[in-house]
Every structure is written in C-alpha cells, then in structure tokens.
Amino acid sequence: MTTDRRTFLKVAAASAALVAPAAVVAQSDETRRSKSASAARLSKTRLARMREAMARHVESGRMPGLVTLVSRRGETHVDAIGVKAFGGKDPMRRDTIFRIASITKPITAAAAMILVEEAKLRLDDPVDPLLPELANRKVLKRIDSSLDDTVPAKRPITLRDLLTFRLGIGAVMVFPEKHPIQKAMSDAGVSPSAKLPAHAPDELMKRFGSLPLAHQPGEKWMYNSGSDILGILISRATGKTLETFLRERIFAPLGMKDTAFSVPEAKLDRLATAYQTDFATGKTVLFDQARGGRFARPPVFESGAGGLVSTVDDFLAFGRMMLAKGVHGRERILSRPSIELMTTDQITAEQKAASDFFPGFWDNRGWGFGMAVVTRRDDVARSAGTYGWDGGYGTSWYADPREDMTGILMTQRVWDSPVAPAVNRDFWTSAYQAIDD
Numbered sequence: 492m493t494t495d496r497r498t499f500l501k502v503a504a505a506s507a508a509l510v511a512p513a514a515v516v517a518q519s520d521e522t523r524r525s526k527s528a529s530a531a532r533l534s535k536t537r538l539a540r541m542r543e544a545m546a547r548h549v550e551s552g553r554m555p556g557l558v559t560l561v562s563r564r565g566e567t568h569v570d571a572i573g574v575k576a577f578g579g580k581d582p583m584r585r586d587t588i589f590r591i592a593s594i595t596k597p598i599t600a601a602a603a604m605i606l607v608e609e610a611k612l613r614l615d616d617p618v619d620p621l622l623p624e625l626a627n628r629k630v631l632k633r634i635d636s637s638l639d640d641t642v643p644a645k646r647p648i649t650l651r652d653l654l655t656f657r658l659g660i661g662a663v664m665v666f667p668e669k670h671p672i673q674k675a676m677s678d679a680g681v682s683p684s685a686k687l688p689a690h691a692p693d694e695l696m697k698r699f700g701s702l703p704l705a706h707q708p709g710e711k712w713m714y715n716s717g718s719d720i721l722g723i724l725i726s727r728a729t730g731k732t733l734e735t736f737l738r739e740r741i742f743a744p745l746g747m748k749d750t751a752f753s754v755p756e757a758k759l760d761r762l763a764t765a766y767q768t769d770f771a772t773g774k775t776v777l778f779d780q781a782r783g784g785r786f787a788r789p790p791v792f793e794s795g796a797g798g799l800v801s802t803v804d805d806f807l808a809f810g811r812m813m814l815a816k817g818v819h820g821r822e823r824i825l826s827r828p829s830i831e832l833m834t835t836d837q838i839t840a841e842q843k844a845a846s847d848f849f850p851g852f853w854d855n856r857g858w859g860f861g862m863a864v865v866t867r868r869d870d871v872a873r874s875a876g877t878y879g880w881d882g883g884y885g886t887s888w889y890a891d892p893r894e895d896m897t898g899i900l901m902t903q904r905v906w907d908s909p910v911a912p913a914v915n916r917d918f919w920t921s922a923y924q925a926i927d928d
C-alpha cells in the first residue's frame, strides 16, 4: 500500500463526511441530545481504534471501502472509509447502497410473521395449499443415496419449517460436492451459492418439487433454501410480488427508502461495486458492477434469502424496530410476542448435533426465524440473547437487547468460506469495546 493511497483513503473519508446530506447533520444533532438525555456513552477513543482497524482492512487491498454503524441507546456513530470501486475516486458515503445478501433473511421472516398475525398464514399448517410443488414429498434414505432411493415424508412441510430451515432441503455442507443430491440441486439451479437463483418463482418451485428432500421435515437444520421458498409463499399468500409486500408493510412504514431488490438508474451512482476471489489465481476480481450488473435491473426472481440492497441507515431502522419489540415511532409493525418468537432459539440439541455448518457454529448460537441467536457469551462481542445474521457479500447486522445496541457492517467482498472474514470479527470486537459505561 503506497503513501499516496493511504492519503487518498483519508481524503475520501473526509469527503464523504463533507458531502453527507443535511438529514445526516440533523441526525447528528439529535444523537447528541439523545446521548445527553440517556447518559449512554460510546468512547470516542475506542471508536477511533475501530476506525483504524477498519481502515487497515481497506488499506490491505481486499476491499476498496466499507461503511460501519454502531447505535446504542440513541447514540449513533457511522464511519465511511475508502471508495466504492477499485481504481475509482468516488468515496464511500453514509448513503452508499450495498447488496446485503443473507441479512435479507430476517426481513423476509418478519414479513411472514405479519401474515401470521393476520391469520393469513399459520406456523404449523402445511404449506401445500399455496406451495403444491412441496406436497407428498419423497425423502432420501441417506444423504449419499441416489435420487430414487427414497422413502415417503413422515409429515408435510410447515411454515415453521421454512422459517427455521428445517424443511428438509438446503445447503449440503460437503466440499467438494460429492453427493447426488448436491449435483441435482446445482443442475436444477436451486443450490445455495453467491449467484442468486435465476428462474421465475413458479419455475423455481417446479425445480424444487422435482427433487427429493435430503432429510425428513423437522429433522435437521439446512441453510438458506427455506428463505427463498418463504418469499414465494408470501407472494402467493398476498397476491403481490415479494418486493411490493415488503415495501408496503415494512420498507415504507420504517422509511427504508433505499431498500429493494434492484437499484433504479437514478441511484446507481450510489451502488458500490462487488468483488470476489478468483480461487484459480488468488486474485481479487469483479463479482458485480454497479452499472450493467445484476442489481441494476429488476430480477427475474426476488430472492427472500439474499436478494435485497440497502444502506446502513435503512437497516438501522429495521434493527431499531426489532429492538423496540415491533414498534417504530407510533406505528406497530409486529407484535412483541412475534419479535420474541423470531429471536428465540428454535433448534433442539439433537437437531444441532445432526446439522452441519461451519465448525463451532452451534457452540454458542442457535437459530430463530431467519436469523441466528447467541445462546452463550464466550467472546467480547455479542451478549447472550443477541440476534442477527451475516451476508456472504460482505455484510453483517446484529442487535443486542441487553445493551440496546445494533451494529451494521457493509462491504462488498464476497466471503471466501462459510467462516466470517477477519473484518467482521474485528468490527464486532471493536464495537463492543467502544461501550464506555
């Protein structure tokens, strides 16, 4: 990293602050008043350390820039570091738009719970009436069975199964792929990956319906697919596209004006460029560009598992609603019992023992509806009861009820493995160390 690039990063960050919209300045004034009223403190010295830690990740060349947000008891701190694209001069800003990947999942789960509260869906009813493609399932005898080596499902798939990822199909965590079901999912275009499904909802469900389940419904937690299918269920239950329902019931009430499944032309200059590792060469290469890329136009499939774009302030509004037990201002988005159910660990010890994910995941975490739940504190970061999730394009959101705190990290570097990258770990450790009371 040259001195010139370090200088540029500092200038870019300063520029981002200078061009911040008036609303940001107003929010800063409100933040100072809230801080005085609540006596909450985030240490300026320790926040500066967090900024230094984040800047080192940008200076390493792994990503051109990032935005972080830490909010606690009304006090909000935002850092925008670096630029939106390698070789560019446009600085990261507070209102930069990011592809948020799997932190889409909690929003999709919240939408489903709105329908549960309205009695349009029920947690333990079979989904067959709205998703007939999933009726009368066949189930592999073993995970390595041939696709015709099956037994009948013991029971139908329910909404609760979709929300908790216990529907019987999802990511098979064996690499490289070797089981017939893995190849079949890849061939059908339903295998979880950084590339989102490219088939229309009805076609995607037809493809899911053509495959046997890998496990009996309710038997085992399997990542990801439940949220994509859940989004289709919501659309069919409401007679609206998933984006329309999310906009009407969540985005508009919360003021999430930049959250959607694509970025309109007028906002493309705010969309960061996404990068990934070319494993053949070890080099950083383009994953998705802003103009002309995957998110520059409405998708064929609105992925409830990972298809949204958003900003740190938009997601802060969602996080605050969750911490407020479903309330935003004078409006209730969800009931308190719904929030509590969503953020309670739903996975039994037996199911955790049978469910593969990355090493150590279940040691201190469980799974609620569309998000992880911290079950034990064994690190500086995250109290027991904290909930949230990470996104494989380089995003992270968690909310901690004990600290009344939410944190958001936005980068656009696709993860190299299921294990969170160092920038995530450093952000969360730094965020909690900034607590000064």
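Numbering (the working numbering), first residue to last: 492 to 928.
Think of the CB as a built atom: it goes at the ideal place given N, C-alpha and C, for glycine as much as any other residue.
Note that the structure is a prediction, hence the values are computed from the model and not measured.
Nearest-angstrom beta carbon gap, residue j and residue i [assumed within contact, 8 Å]
i, j, result
"Val803", "Val558", "5 Å"
"Gly730", "Thr595", "Their Cβ separation, rounded to whole angstroms, is 21 Å, which puts Gly730 and Thr595 out of contact at 8 Å."
"Met554", "Arg904", "4 Å"
"Phe742", "Pro789", "In fact, because the Cβ distance is near 15 Å, the residues do not count as touching under 8 Å."
"Val800", "Phe778", "14 Å between Cβ atoms; not a contact."
"Ile838", "Gly857", "5 Å"
"Arg698", "His706", "Not really, about 19 Å apart at Cβ, beyond 8 Å."
"Gly795", "Leu733", "6 Å"
"Tyr923", "Ala844", "Wrong, their Cβ atoms sit about 29 Å apart, outside the cutoff."
"Arg727", "Leu621", "5 Å"
"Thr649", "Pro617", "6 Å"
"Arg585", "Val569", "5 Å"
"Phe809", "Leu745", "6 Å"
"Pro683", "Asn715", "4 Å"
"Gly717", "Leu654", "7 Å"
"Ala539", "Asp917", "Wrong, their Cβ atoms sit about 14 Å apart, outside the cutoff."
Contact check, residue i vs residue j, beta carbons under 9 Å
i, j, result
"Ser846", "Met713", "yes"
"Tyr766", "Phe577", "yes"
"Tyr860", "Ala600", "Note that residue 860 is Phe in the sequence shown, not Tyr. For Phe860 and Ala600, yes; Cβs fall inside 9 Å."
"Tyr889", "Gly898", "yes"
"Val754", "Ile588", "yes"
"Ser887", "Gly879", "yes"
"Ile598", "Thr750", "yes"
"Met896", "Val561", "yes"
"Pro688", "Arg628", "no"
"Leu814", "Leu724", "no"
"Asp640", "Arg633", "yes"
"Arg657", "Pro708", "yes"
"Thr902", "Gly565", "no"
"Ser874", "Val864", "no"
"Met812", "Met833", "no"
"Pro643", "Asp619", "no"
"Lys645", "Gln842", "no"
Buried versus exposed, by CB contacts within 10 Å (16 or more), residue i
i, result
"Leu807", "buried"
"Arg740", "buried"
"Gly659", "buried"
"Asp615", "exposed"
"Ala771", "exposed"
"Ser551", "exposed"
"Glu609", "exposed"
"Ala925", "buried"
"Phe666", "exposed"
"Lys580", "exposed"
"Glu831", "exposed"
"Asp927", "exposed"
"Thr735", "exposed"
"Gly661", "buried"
"Asp769", "exposed"
"Glu894", "buried"
"Ala913", "exposed"
"Ser701", "exposed"
"Phe849", "exposed"
"Asp805", "buried"
"Glu822", "exposed"
"Thr494", "Confidence in Thr494 is poor, its pLDDT being 41 and thus under 50, which makes the residue's placement too unreliable to answer from."
"Lys575", "buried"
"Ala504", "A caution first: Ala504 carries a pLDDT of 39, below 50, which makes its placement in the model unreliable, though a value can still be read off. Its Cβ being crowded by 16 or more others within 10 Å, Ala504 is buried."
"Arg590", "buried"
Heavy atom of the ligand NAP within 8 Å of residue i beta-carbon
i, result
"Thr897", "The ligand NAP is not part of the structure shown, which contains no ligands of any sort."
Beta-bridge pairing of residue i - partner residues as DSSP gives them
i, result
"His819", "Glu822"
"Ala863", "Trp858 and Gly879"
"Pro643", "Lys629"
"Thr834", "Its beta-bridge partners do not exist; DSSP assigns none."
"Trp919", "According to DSSP, which records beta bridges pairwise, Trp919 is partnered with nothing at all."
"Thr471", "Residue 471 lies beyond the range of the chain shown here (492 to 928); nothing can be said about it."
"Thr649", "Pro617"
"Ile598", "For Ile598, which the question treats as bridged, DSSP gives no partner whatsoever."
Next on the checklist: I'd like the ranges of any beta strand (DSSP E) spanning at least 3 consecutive residues and lying wholly in the stretch 683-744.
Outcome noted: Runs of the beta strand (DSSP E) inside the stretch 683-744: none found.
Checklist entry - Which ranges does the alpha helix (DSSP H) cover as unbroken runs of at least 4 residues, wholly within the stretch 538-586, from first to last along the chain? => result Whole alpha helix (DSSP H) segments, 4+ residues: zero.
Checklist entry - What are the uninterrupted segments assigned as beta strand (DSSP E) that are 3 or more residues long and contained completely in the stretch 732-811, given in chain order? => result Entirely contained in the stretch 732-811, the beta strand (DSSP E) runs reaching 3 residues are, in chain order, 765-769 and 774-779.
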